[in-house]
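For the sequence shown, position 245 matches number 245 in full-length UniProt numbering, and the numbering has no gaps at all.
So the structure is just underneath, and the comments pick up after that.
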Amino acid sequence: MEDAKALLEARVRDAFLIASERGYAKFTPFLNEDESFFAQKLIQKNRYENYLFFGGSEGNTRRMLGAFPSYLEPDLAEFPIASLTAEYPVGYALSHRDFLGSLMGLQIKRDAVGDIFPGEGWCVFFVRESVREVVLEQLTKVGRVGVRIVPGIRHELPSHAKFEPVSGTVASLRLDCVVALLSRLSREKASAAIQLGTVQVNHETAQSCSLALKPGDILSIRGCGKFLLADEVKQTKKGRLFITGKKYI
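Have a look at this one:
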């Protein structure tokens with residue numbers, strides 16, 4: 001984990017250094033949500049400017065970081081991302097895992113693949129521009145199903161995030177109280193989960209049961225799912241807090 005963070009930190013620093021000293025835009029590979037959050041913290045810490053995160057379509061979770069020289073306006077069109085659509089006979093059930101496995105079977109690295117959106121008889125996905133031709137020429141089957149790859153987004157993408165509401169009252173916005181509510185665990189079991197390192201807040205492992213949460217925080221609870229703490233917090237007549245969480249589904 002520490003080696004991965006050190007590599008990512010080096011990539012972020014190099015991107016901004018190249019943009020500043022060589023005068024052209026530099027892009028990282030695709031980053032997952034945790035990596036994007038870590039990169040954003042580095043940017044804020046070092047006060048870097050003139051950058052964008054983008055994954056090929058608005059709302060994509062796997063995104064590249066683009067660092068731009070000061071004289072250039074950051075531009076989404078500059079990102080080296082190709083959108084592709086796989087088409088195949090309706091009736092076959094091909095999953096995200098099926099497509100990812102087939103892409104990696106072409107010796108394409110995971111960080112060269114962005115979001116994948118499987119549908120009925122089609123799948124839209126995003127890759128680094130440098131592997132575009134490999135996919136167009138060599139991806140002819142996913143599993144045992146023949147596919148035809150065409151450039152561009154040929155189908156409407158699904159909504160990026162769907163939620164299931166979870167609400168109730170808590171004594172405070174302490175992490176253990178909120179985790180107990182969202183996970184439907186006892187407070188003791190919620191505290192144990194935090195101490196075991198199985199709870200993340202904003203993509204970082206939580207260190208303390210007494211951590212004070214705030215609306216907008218994102219919690220990941222291993223075995224229970226991922227939650228967004230909604231903005232509205234109300235106080236009840238008994239002095240407790242009524243909160244609503246949104247569980248990603």
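The beta carbon of each residue, even a glycine, is placed where N, CA and C say it ideally should be.
As the structure is a computational prediction, the values presented were derived from the model and not from experiment.
Residue j beta carbon less than 9 Å from that of residue i
i, j, result
"Pro69", "Glu129", "no"
"Ile115", "Asn60", "One point to set straight first is that residue 115 is Asp, not Ile, in the sequence displayed. Yes, Cβ-Cβ distance for Asp115 and Asn60 is below 9 Å."
"Gly216", "Leu229", "yes"
"Tyr51", "Ala67", "yes"
"Phe126", "Arg47", "no"
"Cys224", "Leu182", "yes"
"Lys5", "Phe16", "no"
"Phe30", "Ala112", "yes"
"Val150", "Glu87", "yes"
"Val131", "Ala82", "yes"
"His155", "Val124", "yes"
Beta-bridge pairing of residue i - partner residues as DSSP gives them
i, result
"Val135", "BP columns for Val135 are empty, so no partner."
"Tyr51", "Ala67"
"Gly225", "Ile221"
"Thr244", "Ser167"
"Pro151", "Leu84"
"Glu204", "Val201"
"Phe117", "Val124"
"Gly146", "Lys141"
"Ala212", "Arg174"
"Lys26", "Ala67"
"Leu31", "Arg63"
"Val233", "Ile243"
Between the CA atoms of residue j and residue i - distance to the nearest angstrom
i, j, result
"Ala171", "Ala180", "11 Å"
"Arg11", "Leu136", "28 Å"
"Ile108", "Thr169", "48 Å"
"Gly121", "Tyr71", "45 Å"
"Asp34", "Val90", "35 Å"
"Phe99", "Gln40", "29 Å"
"Glu2", "Leu8", "10 Å"
"Ser191", "Glu73", "47 Å"
"Asp231", "Asp75", "31 Å"
"Asn32", "Val134", "23 Å"
"Gly23", "Arg13", "15 Å"
"Thr236", "Gln44", "37 Å"
"Arg110", "Glu21", "29 Å"
"Lys238", "Ala19", "56 Å"
"Ser208", "Ser186", "17 Å"
"Glu49", "Lys189", "43 Å"
"residue 273", "Thr28", "Residue numbering for the chain in the displayed model covers 1 to 249; residue 273 lies beyond these limits and cannot be assessed."
"Gln138", "Gln200", "39 Å"
"Tyr92", "Ser36", "34 Å"
"Arg240", "Glu58", "38 Å"
Nearest-angstrom Cβ-Cβ length linking residue i and residue j, presumed shorter than 8 Å
i, j, result
"Val166", "Gly56", "About 31 Å; that fails the 8 Å criterion."
"Thr221", "Ala193", "Sequence check: residue 221 is Ile here, not Thr. Sure, about 7 Å apart at Cβ, within 8 Å."
"Phe53", "Leu65", "6 Å"
"Ile153", "Thr85", "6 Å"
"Tyr248", "Phe117", "Incorrect: roughly 16 Å between the Cβ atoms, too far for contact."
"Lys234", "Phe227", "Incorrect: roughly 18 Å between the Cβ atoms, too far for contact."
beta-carbon residue i near the ligand FAD non-hydrogen atom, thresh 8 Å
i, result
"Tyr248", "In the structure on display, the ligand FAD does not appear, and there are no ligands present to speak of."
Please confirm if the segment 162 to 176 is in contact with the segment 201 to 212, defined as three or more CB-CB distances below 8 Å between the two stretches.
yes
Any 3 or more C-beta pairs closer than 8 Å across the segment 99 to 115 and the segment 136 to 150:
yes
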